[in-house]
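**Student:** Going down the list, the protein sequences come from chains X and B.
Just so it is clear: in the first sequence, position 144 is 137 by the numbering used here, and no numbers are missing.
Just so it is clear: in the second sequence, position 46 is 39 by the numbering used here, and no numbers are missing.
C-beta: ideal position from N, C-alpha, C; glycine also.
Since we're looking at a predicted model, the values are computed, not measured.
Quick one: this structure, given as structure tokens, is what I'll be asking you about.
Protein chains: 2
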Amino acid sequence: MATTLEEIAKSAGVSRSTVSRVINDQPNVDQETRARVLLVAESLNYQPNIAARSLAAGRTQILGLAIPAGVSTLFADPYFPLLIQGITSACNAQDHSVMLWVGEPEYERRTIRRLLAGGLVDGVILASALVDDPILEALLKRGLPFVMIGRHATSDRTSYIDVDNLNSAHEMVAYLLRAGYKRVATITGPRNMVAGADRLQGYLAALRERKIACDPSLIVEGDFTEEGGYRAMQRLLSLPTGPGDAVFVASDGMALGAMRALREVGKRVPDDIALTGFDDLPFAAHMDPPLTTVRQPVYRLGAVAAETLIEMVSHPGASPRRILLPTELVIRSSCGSLPHR
Amino acid sequence: MATTLEEIAKSAGVSRSTVSRVINDQPNVDQETRARVLLVAESLNYQPNIAARSLAAGRTQILGLAIPAGVSTLFADPYFPLLIQGITSACNAQDHSVMLWVGEPEYERRTIRRLLAGGLVDGVILASALVDDPILEALLKRGLPFVMIGRHATSDRTSYIDVDNLNSAHEMVAYLLRAGYKRVATITGPRNMVAGADRLQGYLAALRERKIACDPSLIVEGDFTEEGGYRAMQRLLSLPTGPGDAVFVASDGMALGAMRALREVGKRVPDDIALTGFDDLPFAAHMDPPLTTVRQPVYRLGAVAAETLIEMVSHPGASPRRILLPTELVIRSSCGSLPHR
DNA sequence: TGCTATTATGGGAGCGGTTGCAGAGACTTT
DNA sequence: AAAGTCTCTGCAACCGCTCCCATAATAGCA
């Protein structure tokens, strides 16, 4: 079943080298010869042996997708499935394959070594790596091309693809202000996470733009969990000056918790207070009321990451790529369906 | 960086063959020699080149994971993420890697070819393949070992891992009957899906066990969607004899729809009618009231599939494996927290 | 003690590709 | 017409590993 170059060569009456040139679309092959070889290859259902090619050429057409340990809990939302679809789709389109590696603490070191040293992959896509992830260091040292999903603030040698958290948050808050809300609070993500910090910056930028003084008590730090959102909203509610008339919550998960806190004290959304989220998880549309939020192009994030990485592999030594993808405001009724004022 | 066998051989003062034996844990190597080689290998941070090994030995230690097109919508629940985790975890433990292939219509044929002919993978895990999936045929013809996730009714040459749908349904319904419910209806999955048919069989078996005559009007076919569950429950409600006092719904998604239908007509769960689901999706615990359901060992499903496949690869020619994993009844308040009668 | 197992090791031929190099024609150039 | 280019092709040397086979050393046995 497994046809080899040699067989095709014999069958087409040429040398192995020539067949190889044809298969790899290299120049200096006679048109007629090329056609003949292609015909034979097709009829014999030829498929290059990846191991052999990899050994000889040093590249495998395989990208590694590393999802480090600990984020597995995030699997509860369809982020990773969508990301994976985007990645595999882009890889398929360019004749590449995807090697999956879901990190586990105990095997981490071992797997990293296998991944890097084995020469199995041409490059690595790092999905939500932690800032101090040891794999990052290893990748850099090894000189293996890689892109991160999620902006990485500390290293200037890394390439990344991310959504434009700052501008997205900016737009969302600007929308609230345009709609007439006066005192807009925010429940942030962890400050030490880039996404959390960027979204806060966007919030601040929107206030600045309208020359609104920032009231620090209206900024409460959350942790991207439902429970964290719940507690943060309680803190806002306990403010002597009140929670304001709108809250920009930096994730849908936290918005869920915030909504619960509001319901408990009998506040209605959006009549008493408006609420907006970030992520557009599936449940956002089914909340009561449906949540205004920011939709991330997760599928595209994956696709662009793969395309970028393939690009990087074929042009080694180029400077790091940094790509920010735009998001989409999804206006639902949690912030009032009409301008407020 | 990339150490080779040869280098280790030189460094340890032995031949390449001997080093290879040591690395692969083969017999006929002197204890002392073995120790010395291992030491050198360790200190040189040796990692075998997978491509070379694969080329020479004909196996790659890579398993393919195929998730055919169309099921991507199912990505909305954490089934696949969990499955993937189980698979990768088992593979890691046995020094295997996972090649991911998420099917897309247009690339399907091409990818199948690459997958099968490239010699890239030792075997394939087929996640929820359709009964007539062309890849199934291709795998059989090629003689490549594979296991399916989900029982396959038609072919006797295929290996599969599945949850024991029949017995799980049986247990669930038996539980309802023991709790004192008299007229237990069921909303089934599509009859032409194995899981749907098996769960119905389990329902029937439980009735038979208690010598309860089966009332065909209490069996309504759904389609595993929320909307399908909603409509099925409406049909039950419109029955002249009433919907019975409990409903075994064959999936949590449909149970969600059924609950909606009940709420619309003002029926209370479990006081007016009890409801049970199947799958234990995350939202089941947060429904109002929390849903009694059947928890599937999805992670284990993946792990066992990988382990079985690795087993099969190393013992070619053995007969197909069929494994059914037990489930767990998760009793919540949707069927009454105490026996009913 | 001689002769056959057994164990430990090295040699070398692949596995199926890629690629540098050389050579054969055909085609320009002066 | 001789020399220089260019295009097309084949040869052969790898890539790093596995595994069969030969050989040497040691052990087992009559």
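#1: Verify whether the separation of the beta carbon atoms of B/Thr179 and B/Ala277 is less than 8 Å.
#2: For X/Ile142 and B/Ala86, what's the separation of their Cα atoms in angstroms?
#3: Any beta carbon of chain X sitting closer than 8 Å to that of B/Pro127?
#4: X/Ser210 CB to nearest chain B CB: under 8 Å?
#5: Using the rule of at least 16 other Cβ atoms within 10 Å of the residue's Cβ for burial, across every protein chain shown, is X/Cys207 buried or exposed?
#6: Name, please, each residue of chain B whose Cβ falls closer than 8 Å to the Cβ of X/Thr53.
#7: Please give me, in chain order, every unbroken run of the alpha helix (DSSP H) with length at least 4 that falls completely inside the region 143 to 212 of chain X.
#8: Rounded to whole angstroms, what's the CA-CA distance from X/Lys3 to X/Val95? Just pull it up for me.
#9: According to DSSP, is B/Pro319 helix, strand or coil?
#10: Sorted by chain position, which residues of the same chain lie with C-beta nearer than 7 Å to B/Gly329's C-beta, five sequence neighbours on each side aside?
#11: What first and last residue would you give for the alpha helix (DSSP H) that runs through X/Arg293?
#12: Considering only the alpha carbon of each residue, which of B/Gln194, B/Ile128, B/Ala28 and B/Asn38 lies closest to B/Thr(-3)?
#13: Would you call X/Leu32 buried or exposed, if buried means 16 or more other Cβ atoms sit within 10 Å of its Cβ?
#14: Is the Cβ of B/Pro74 closer than 8 Å to any Cβ of chain X?
#15: At the 8 Å Cβ level, is X/Ala(-5) part of the contact set with chain B, yes or no?
#16: Under a three-way DSSP split, which group does X/Ser65 fall into?
#17: What does DSSP give as the partner residue(s) for X/Ala5 in the beta ladder?
#18: Output yes or no for whether 8 Å exceeds the beta carbon distance between B/Gly195 and B/His163.
#19: Check each candidate in X/Thr53, X/Ile212 and X/Asp191 and name the one with the smallest Cα separation from B/Met92.
#20: So X/Val297 and X/Pro138 are in contact, right, with Cβ under 8 Å, and what is the actual spacing, rounded?
#21: Quick one, which residues of the region 80 to 91 of chain B are near chain X if we go by CB-CB under 7 Å, in chain order?
#22: Just the C-alpha distance for X/Leu211 and B/Pro282, rounded to the nearest angstrom, thanks.
#23: Looking only at its chain, what residues have a beta carbon closer than 7 Å to the beta carbon of X/Asp238, apart from the 5 residues adjacent to it on each side?
#24: Just to confirm, is the Cβ distance from X/Val166 to X/Arg314 under 8 Å?
#25: Would you say B/Ala44 and X/Ser148 are within 8 Å of each other, going by their C-beta atoms?
#26: Could you confirm whether any beta carbon from chain X is found closer than 8 Å to the beta carbon of B/Gln227?
#27: Quick one: which chain X residues come within Cβ less than 7 Å of B/Ile16?
#28: Do X/Asp272 and X/Thr286 have their CB atoms nearer than 8 Å?
#29: By the 10 Å Cβ neighbour count, where 16 or more other Cβ atoms means buried, how is X/Glu219 classified, buried or exposed?
#30: Measure the Cβ-Cβ separation of B/Asp157 and B/Leu318 and say whether it is below 8 Å.
#31: Given this structure, state the Cα-to-Cα distance separating X/Ser36 from B/Ala131, to the nearest angstrom.
#32: Per DSSP, what kind of secondary structure is X/Ala83 in: helix, strand or coil?
#33: Output, in chain order, the set of chain X residues within a Cβ distance shorter than 9 Å of B/Ile154.
#34: Below 8 Å on the Cβ atoms is my contact criterion, and I expect B/Leu230 with B/Ala254 to pass it. Report the Cβ-Cβ distance as a whole number of Å.
#35: Is B/Ala120 closer than 8 Å to B/Leu76 when the C-beta atoms are compared?
#36: Is the Cβ-Cβ distance between B/Gly235 and B/Phe217 less than 8 Å?
**Tutor:** In brief:
#1: The residue given as residue 179 of chain B occupies position 186 in the second sequence. The residue given as residue 277 of chain B occupies position 284 in the second sequence. No; because the gap between Cβ atoms is not below 8 Å, this pair is not in contact.
#2: Residue numbering aside, residue 142 of chain X sits at position 149 when the first sequence is read from its first letter. Residue numbering aside, residue 86 of chain B sits at position 93 when the second sequence is read from its first letter. Cα to Cα, the separation comes out at about 27 Å.
#3: Start at 1 with the first residue of the second sequence, and residue 127 of chain B comes out as number 134. With 8 Å as the cut-off, B/Pro127 does not count as an interface residue toward chain X.
#4: Taking the first sequence and counting its residues from 1, one reaches residue 210 of chain X at position 217. No, its Cβ sits nowhere closer than 8 Å to a Cβ of chain B.
#5: Residue 207 of chain X sits at position 214 when you count from the first residue of the first sequence. That one is exposed.
#6: Along the first sequence, one-based indexing puts residue 53 of chain X at 60. Chain B residues near X/Thr53: Ala44.
#7: 158 to 171 and 187 to 202
#8: Along the first sequence, one-based indexing puts residue 3 of chain X at 10. Along the first sequence, one-based indexing puts residue 95 of chain X at 102. Each residue's Cα considered, the two are about 44 Å apart.
#9: Along the second sequence, read from residue 1 onward, the residue named residue 319 of chain B stands at position 326. Reduced to three states, the DSSP call for B/Pro319 is coil.
#10: Locating residue 329 of chain B in the second sequence gives position 336, counting from the first residue. Counting only Cβ-Cβ distances below 7 Å, and skipping sequence neighbours, we find Ala172, Pro263 and Ala267.
#11: The sequence position of residue 293 of chain X within the first sequence is 300, counting from 1. Here the alpha helix (DSSP H) through X/Arg293 covers Val291 to Ser307.
#12: By one-based count along the second sequence, residue -3 of chain B stands at place 4. Ranking B/Gln194, B/Ile128, B/Ala28 and B/Asn38 by Cα distance to B/Thr(-3) puts B/Asn38 first.
#13: Within the first sequence, numbered from 1, the residue matching residue 32 of chain X stands at position 39. The residue is exposed, with fewer than 16 neighbouring Cβ atoms inside 10 Å.
#14: Sequence index remark: in the second sequence, residue 74 of chain B carries index 81 (1-based). True, the Cβ-Cβ gap to chain X drops below 8 Å.
#15: Counted from its first residue, the first sequence places residue -5 of chain X at position 2. At least one chain B Cβ lies under 8 Å of X/Ala(-5).
#16: Translated into positions along the first sequence, residue 65 of chain X becomes position 72. Reliability of the predicted coordinates at X/Ser65 is poor, the pLDDT of 49 falling under 50, and no value is obtained from them.
#17: By 1-based counting over the first sequence, the position of residue 5 of chain X is 12. DSSP, once it has assigned bridges, lists no residue as partnering X/Ala5.
#18: Within the second sequence, residue 195 of chain B is the residue found at index 202, counting from 1. Within the second sequence, residue 163 of chain B is the residue found at index 170, counting from 1. In contact: B/Gly195 and B/His163 (Cβ atoms closer than 8 Å).
#19: On the second sequence, position 99 is the one that residue 92 of chain B refers to. Closest by alpha carbon: X/Thr53.
#20: Counting from 1 along the first sequence, the entry for residue 297 of chain X is found at position 304. Counting from 1 along the first sequence, the entry for residue 138 of chain X is found at position 145. In fact, because the Cβ distance is near 15 Å, the residues do not count as touching under 8 Å.
#21: Thr81, Ser82, Asn85, Ser90 and Val91
#22: Translated into positions along the first sequence, residue 211 of chain X becomes position 218. Translated into positions along the second sequence, residue 282 of chain B becomes position 289. Going from the Cα of X/Leu211 to the Cα of B/Pro282 covers about 36 Å.
#23: For the purposes of this step, residue 238 of chain X is taken as residue 245 along the first sequence, with counting starting at 1. Closer than 7 Å at the Cβ level, and outside the excluded window around X/Asp238, lie Tyr174, Lys175, Arg176, Ile266 and Ala267.
#24: In the first sequence, residue 166 of chain X corresponds to position 173, counting from 1. In the first sequence, residue 314 of chain X corresponds to position 321, counting from 1. Result no, Cβ atoms of X/Val166 and X/Arg314 do not sit closer than 8 Å.
#25: The count along the second sequence starts at 1 and reaches residue 44 of chain B at position 51. The count along the first sequence starts at 1 and reaches residue 148 of chain X at position 155. No, these two residues do not count as a Cβ contact at 8 Å.
#26: Reading the second sequence from its first residue, position 234 is the one you call residue 227 of chain B. Output row for B/Gln227: interface = no.
#27: On the second sequence, residue 16 of chain B is found 23 positions in, with the first residue counted as 1. Those do not exist, as B/Ile16 stays about 13 Å from chain X at its closest Cβ, beyond 7 Å.
#28: For the purposes of this step, residue 272 of chain X is taken as the residue at position 279 of the first sequence. For the purposes of this step, residue 286 of chain X is taken as the residue at position 293 of the first sequence. Closer than 8 Å, so yes.
#29: As a working mapping, residue 219 of chain X is identified with position 226 in the first sequence. With 16 or more other Cβ atoms within 10 Å, it is buried.
#30: Working through the second sequence from its first residue, we reach residue 157 of chain B at position 164. Working through the second sequence from its first residue, we reach residue 318 of chain B at position 325. Yes. Within cutoff.
#31: Counting from one through the first sequence, the residue named residue 36 of chain X turns up at place 43. Counting from one through the second sequence, the residue named residue 131 of chain B turns up at place 138. Roughly 17 Å between the two C-alpha positions.
#32: As a first step, residue 83 of chain X is located in the first sequence; it is residue number 90 there, counting from the start. Helix.
#33: In the second sequence, residue 154 of chain B corresponds to position 161, counting from 1. Result: empty, since nearest Cβ-Cβ is about 19 Å, beyond 9 Å.
#34: Taking the second sequence and counting its residues from 1, one reaches residue 230 of chain B at position 237. Taking the second sequence and counting its residues from 1, one reaches residue 254 of chain B at position 261. Correct: roughly 7 Å between the Cβ atoms.
#35: As a first step, residue 76 of chain B must be located in the second sequence, where it is residue number 83. As a first step, residue 120 of chain B must be located in the second sequence, where it is residue number 127. Cβ distance < 8 Å, so B/Leu76 and B/Ala120 count as in contact.
#36: Start at 1 with the first residue of the second sequence, and residue 235 of chain B comes out as number 242. Start at 1 with the first residue of the second sequence, and residue 217 of chain B comes out as number 224. Contact: no.
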